[in-house]
Amino acid sequence: MTTQYWIYHERQDALLCGQHALNNLLQKNEFNPSILADIAIQLDQMELAYMSQNNEGGVNSKDYLKRVAEGSGNVDESGNFSIEVLRSALMSRHGLELPNIRQQGVSSMEITNMSGFICNRSSHWFAIRKINGRFWNLNSTNERPELISHFNLAKEMEGLQDEGYSVFCVVDALPPPCTSESMMDQGLPQYWWKESDLLQGKSNAMTRDTDPWKDAGGGRRLDGKPKNDQGKGHRPIHELSEEEQLQAAIEVSMMHSGNANGGSASSDSFVAELLSIDVKAEPTSGARVQIRMPGGAKFVRKFNGDDPVKVIYAFVASLFYRNYDHLSQPKHACIVLQQSSDEAKAGKLFSLKAKFPPQDLLPAIDSSISSCGLNGEAINVSWK
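Going by the UniProt record's numbering, the first residue of the sequence shown is number 1, and it counts up by one from there.
Listed below in structure tokens is the structure:
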């Protein structure tokens with residue numbers, strides 16, 4: 001049986017790229033800001049102790065007082081850590097050194113025999129790591145891991161150094177990569193990528209993100225049993241039968257579009273609910289999704305990751321069911337509305353599906369966009 005490898009790729013959070021670089025190098029969520037800050041404090045104390053003992057004048061020396069006035073030399077106010085913090089973290093936990101690739105005794109080594117690298121320029125850090133015999137660029141500002149061939153590795157390193165990057169390397173063996181479900185518990189679920197999907201260049205490569213179906217519906221199921229009665233609300237979608245998946249979708253549809261008398265679902269009330277939502281202006285950063293409209297048009301839009309999936313539904317509804325002349329949307333979005341005006345006027349409902357195989361997002365409508373792993377995904381819009 002072929003071993004399935006998973007690649008861990010933490011994404012940029014604030015200015016904590018040093019933390020992400022370490023975790024991506026180690027392929028697990030091992031370090032957090034608190035741990036690295038403690039290491040930085042210890043290093044500062046050691047440096048000050050050394051200066052007090054070796055400078056003439058001790059703690060009253062000009063150099064010592066200047067160093068104290070400058071503050072920490074190992075972490076700044078933005079949370080950027082020094083190379084010494086990263087080196088100390090690797091050494092204390094794994095006994096691994098992190099020398100500069102140009103260091104004597106290292107520069108002559110075959111670069112493809114090394115286990116991984118940490119690259120730094122200014123305040124940005126990122127990792128490159130060998131996994132299953134292949135090198136992957138795990139830059140936390142990238143949407144997904146990027147393959148680097150053995151042939152291009154040396155050229156990539158030279159290019160980085162020409163651009164002003166300092167490159168540090170790990171010569172000895174790093175912790176083994178993930179090949180089992182139990183090993184995935186060492187990382188955050190949304191950051192695991194299936195290696196085989198990445199190698200095939202799939203745009204919808206599988207991750208182990210939080211399953212958006214696990215909390216579908218609420219209260220009691222259609223069969224009268226509580227949702228937590230070992231039912232589908234606590235099972236991932238791939239474990240559900242087609243009938244159970246359909247039931248989950250029906251439950252959510254009833255929750256969000258049923259009429260007051262508990263009768264059949266009302267498309268008008270669902271649309272009215274969506275149009276009542278105040279869709280904020282596009283943020284400068286956030287979850288980036290590609291929306292593929294029924295007419296074939298495609299455009300990219302950002303949403304706040306903490307917003308529920310319902311906001312994406314509301315955004316699409318605003319394109320279809322409102323006068324597009326009053327919308328501050330791209331011109332191509334207005335064209336899409338015109339193309340779909342007949343369906344919209346007929347009161348048809350649309351569906352949103354994402355990932356592969358395509359999954360209806362309706363059961364996850366109240367889950368956050370980030371928890372559903374929609375950042376970087378394509379969402380297909382179709383008429384029901």
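Beta carbons are placed, not taken as given, at the ideal position from N, Cα and C, and that holds for glycine.
DSSP state of residue i mapped onto helix, strand, coil
i	result
residue 152	helix
residue 31	coil
residue 262	Below a pLDDT of 50, predicted positions are generally treated as unreliable, and residue 262, at 37, falls in that range; the measurement from the model is reported next regardless. Of the three classes helix, strand and coil, the one that applies to residue 262 here is coil, per DSSP.
residue 273	helix
residue 349	coil
residue 147	strand
residue 170	strand
residue 113	helix
residue 246	Confidence in residue 246 is poor, its pLDDT being 47 and thus under 50, which makes the residue's placement too unreliable to answer from.
residue 175	coil
residue 66	helix
residue 354	strand
residue 75	strand
residue 104	coil
Anticipated Cβ contact below 8 angstroms, residue i with residue j, distance rounded
i	j	result
residue 374	residue 311	Between residue 311 and residue 374 the Cβ distance is about 11 angstroms, and since that is not below 8 angstroms, they are no contact.
residue 25	residue 129	6 angstroms
residue 307	residue 369	6 angstroms
residue 115	residue 49	That pair is no contact at about 33 angstroms.
residue 302	residue 285	7 angstroms
residue 29	residue 188	5 angstroms
Proximity of residue i and residue j at Cβ, strictly below 9 angstroms
i	j	result
residue 171	residue 99	yes
residue 85	residue 39	yes
residue 21	residue 125	yes
residue 200	residue 27	no
residue 176	residue 6	no
residue 43	residue 74	yes
residue 309	residue 367	yes
residue 154	residue 207	no
residue 4	residue 179	yes
residue 12	residue 32	no
residue 46	residue 61	no
residue 161	residue 102	yes
Close beta carbons around residue i, own chain, < 6 angstroms, minus the five adjacent residues each side
i	result
residue 191	8, 9, 10
residue 117	128, 167, 169
residue 313	274
residue 90	96, 98
residue 148	135, 137, 156
Bounding residues of the alpha helix (DSSP H) (the contiguous stretch that carries residue i)
i	result
residue 18	17-26
residue 374	It is not in any alpha helix (DSSP H) - residue 374 carries neither H nor E in the DSSP assignment.
residue 306	Here residue 306 belongs to no alpha helix (DSSP H), and DSSP marks it neither H nor E.
residue 184	181-184
residue 197	195-199
Boundaries (first-last residue) of the beta strand (DSSP E) holding residue i
i	result
residue 288	287-292
residue 87	Per DSSP, residue 87 belongs to no beta strand (DSSP E); it is in the alpha helix (DSSP H), 83-94.
residue 382	378-383
residue 127	124-131
residue 134	134-137
residue 5	Element bounds for residue 5: n/a, residue is neither H nor E.
Own chain, CB closer than 8 angstroms to residue i, minus 5 neighbours either side, in chain order
i	result
residue 144	9, 193, 198, 205, 376
residue 165	119, 120, 121
residue 300	288, 289, 290, 291
residue 203	378
Residues near residue i by beta carbon distance below 7 angstroms, same chain, minus five either side
i	result
residue 272	none
residue 350	316, 320, 381, 382, 383, 384
residue 184	6, 178, 192, 208
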